[in-house]
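Asks: Numbering (the UniProt record's numbering), first residue to last: 1 to 276. Take a look at the following structure, please.
This is the structure in structure tokens:
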């Protein structure tokens, strides 16, 4: 299991006043209603889609995107995009900052998240990531072949797989070293010559007057207070997503070289933002 990133600095102050609590509660109710409706509608659509095979999903990913885009609109967090998602199937790798990442990334494209199995059991977050069509995997070497077959099936169906190679969330002010284990699957004989990988950087710009780390959710931070603090803020800040140029796996000698390239690409805009 990957270690959870943390540091010794005090966490942002997440205390909010009565007015902010009312706003947070109203926004939370709106998001819950949207998710409940989506679970019902997407569930029905998936039952119909399964007639075409387990990975036949012509409609449900679009519904997922609409749902999570609506949830993000309710939060009030603004969205900014640089670059474009690659066309066709492949893998995208991004830094990981917050539970908001799921809403932000799915608002911009149809994507299938790949997450460690325990995420599916997280209260609240587990529901959202399941709705997003997340693929859950066990980080066990004995599961490697099954994972490759799973990835191949999604890629052959034209799906985009989204990975968080840091293996943990951070405060958004850094990119920690990428784990190379999942990159190894891309070099399998069945994938290497057809696989493309696109690095993606997520930058959160805090609301004016707030800690620059405001949107980050990491370490031992409780989800409830962070949700309330984010949902109770007005006006909100901005989530900026940078899509870098995709690269071919076949152009790299091994998983370490590919992981290092992607890590450097993702880290660039983070360091540039800190330097401003």
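Even for Gly, the Cβ is constructed at its ideal location relative to N, Cα and C.
Could you check if residue 7 is buried or exposed, using at least 16 other CB atoms within 10 Å of its CB as the buried criterion?
Replies: Here residue 7 is taken as the residue at index 7 of the chain shown, counted from 1. Label assigned to residue 7: exposed.
Asks: Can at least three beta-carbon pairs, one atom from the region 178 to 185 and one from the region 69 to 78, be found at a separation below 8 Å?
Replies: Touching, no.
Asks: Residue 115 by DSSP, collapsed to three states: which one?
Replies: Position 115 of the chain shown holds residue 115. DSSP places residue 115 in strand when its eight states are reduced to three.
Asks: Measuring CB atoms only, is the region 86 to 103 touching the region 153 to 160, in the sense that at least three cross pairs come out at less than 8 Å?
Replies: The region 86 to 103 vs the region 153 to 160: in contact.
Asks: Can at least three beta-carbon pairs, one atom from the region 13 to 29 and one from the region 182 to 195, be found at a separation below 8 Å?
Replies: Contact fails: fewer than three Cβ-Cβ distances are below 8 Å.
Asks: Where in the region 160 to 210 do unbroken runs of the beta strand (DSSP E), each at least 3 residues long, occur, reported from the N-terminal end onward?
Replies: With a minimum length of 3 residues, the continuous beta strand (DSSP E) runs that stay inside the region 160 to 210 are 160 to 163, 196 to 205.
Asks: Whose C-alpha, out of 115, 61, 240, is nearest the C-alpha of residue 166?
Replies: Against the chain shown, residue 166 aligns to sequence position 166. Ranking the options by Cα distance to residue 166, first place goes to 115.
Asks: If you drop the 5 nearest sequence neighbours on each side, which residues of the same chain put their C-beta closer than 8 Å to that of residue 49?
Replies: Walking along the chain shown from the start, residue 49 turns up at place 49. 56, 57, 58, 59, 60.
Asks: Given a cut-off of 8 Å, decide if residue 224 and residue 21 are closer than it, judged by their beta-carbon atoms.
Replies: Residue numbering aside, residue 21 sits at position 21 when the chain shown is read from its first letter. Residue numbering aside, residue 224 sits at position 224 when the chain shown is read from its first letter. No, they are not a contact pair.
Asks: Take residue 174 as the anchor and find which of 105, 97, 18, 81 has the nearest alpha-carbon.
Replies: One-based indexing of the chain shown puts residue 174 at position 174. Of the listed residues, the one whose Cα sits closest to residue 174 is 97.
Asks: Quick one: give me the first and last residue of the beta strand (DSSP E) that residue 242 is part of.
Replies: Start at 1 with the first residue of the chain shown, and residue 242 comes out as number 242. Residue 242 -> beta strand (DSSP E) spans 238 to 243.
Asks: Where does the unbroken alpha helix (DSSP H) through residue 60 begin, and where does it stop?
Replies: Within the chain shown, numbered from 1, the residue matching residue 60 stands at position 60. Element bounds for residue 60: 60 to 75.
Asks: Name the one or two DSSP bridge partners that residue 29 has.
Replies: Stepping through the chain shown from its first residue, residue 29 is reached at position 29. Beta-bridge pairing links residue 29 to no other residue.
Asks: Near residue 256, which residues of its chain fall below 7 Å by C-beta distance, leaving aside the five closest residues on each side in sequence?
Replies: Counting from one through the chain shown, the residue named residue 256 turns up at place 256. Correct list, in chain order: 180.
Asks: Under 7 Å Cβ to Cβ from residue 70, same chain only, skipping five residues before and after it: list those, please.
Replies: In the chain shown, counting from the first residue as 1, residue 70 sits at position 70. Within the same chain, residue 70 has close Cβ partners 34.
Asks: Mind reading off the beta-carbon distance from residue 201 to residue 270? Whole number of angstroms is fine, and I expect it under 8 Å.
Replies: Taking the first residue of the chain shown as position 1, residue 201 is located at position 201. Taking the first residue of the chain shown as position 1, residue 270 is located at position 270. Yes, they are in contact, since the Cβ atoms of residue 201 and residue 270 sit about 6 Å apart, within 8 Å.
Asks: Between 39, 227, 198, 228, which lies nearest to residue 249 when the distance is taken from Cα to Cα?
Replies: Walking along the chain shown from the start, residue 249 turns up at place 249. If we check each option's Cα against that of residue 249, 198 comes out closest.
Asks: Roughly how many whole angstroms lie between the Cα atoms of residue 195 and residue 37?
Replies: Against the chain shown, residue 195 aligns to sequence position 195. Against the chain shown, residue 37 aligns to sequence position 37. Going from the Cα of residue 195 to the Cα of residue 37 covers about 36 Å.
Asks: Relative to the C-alpha of residue 206, which candidate in 94, 237, 46, 221 has its C-alpha closest?
Replies: The count along the chain shown starts at 1 and reaches residue 206 at position 206. Looking at the Cα atoms, 237 is the closest of the given residues.
Asks: Are the Cβ atoms of residue 240 and residue 80 separated by less than 8 Å?
Replies: By 1-based counting over the chain shown, the position of residue 240 is 240. By 1-based counting over the chain shown, the position of residue 80 is 80. Yes. Within cutoff.
Asks: Tell me where the beta strand (DSSP E) around residue 94 begins and ends.
Replies: Looking up residue 94 in the chain shown gives position 94. 90 to 94 is the span of the beta strand (DSSP E), which, as asked, contains residue 94.
Asks: Output yes or no for whether 8 Å exceeds the beta carbon distance between residue 281 and residue 168.
Replies: Here the chain has residues from 1 to 276 only, and residue 281 is not among them.
Asks: How would you write the range of the alpha helix (DSSP H) that residue 255 sits in, first residue to last?
Replies: Residue mapping note: residue 255 aligns to position 255 of the chain shown, counting from 1. First-last of the alpha helix (DSSP H) with residue 255: 255 to 275.
Asks: Count the other CB atoms, across all protein chains shown, that sit within 10 Å of the CB of residue 259; report buried if there are 16 or more and exposed otherwise.
Replies: Residue numbering aside, residue 259 sits at position 259 when the chain shown is read from its first letter. The residue in question, residue 259, is buried, as its Cβ has 16 or more Cβ neighbours within 10 Å.
Asks: Helix, strand or coil for residue 1 per DSSP?
Replies: What you label residue 1 is simply residue 1 of the chain shown in a count that begins at 1. Residue placement at residue 1 cannot be trusted, given a pLDDT of 42 that sits under 50; what the coordinates show is reported in the next sentence. If DSSP states are grouped into helix, strand and coil, residue 1 belongs with coil.
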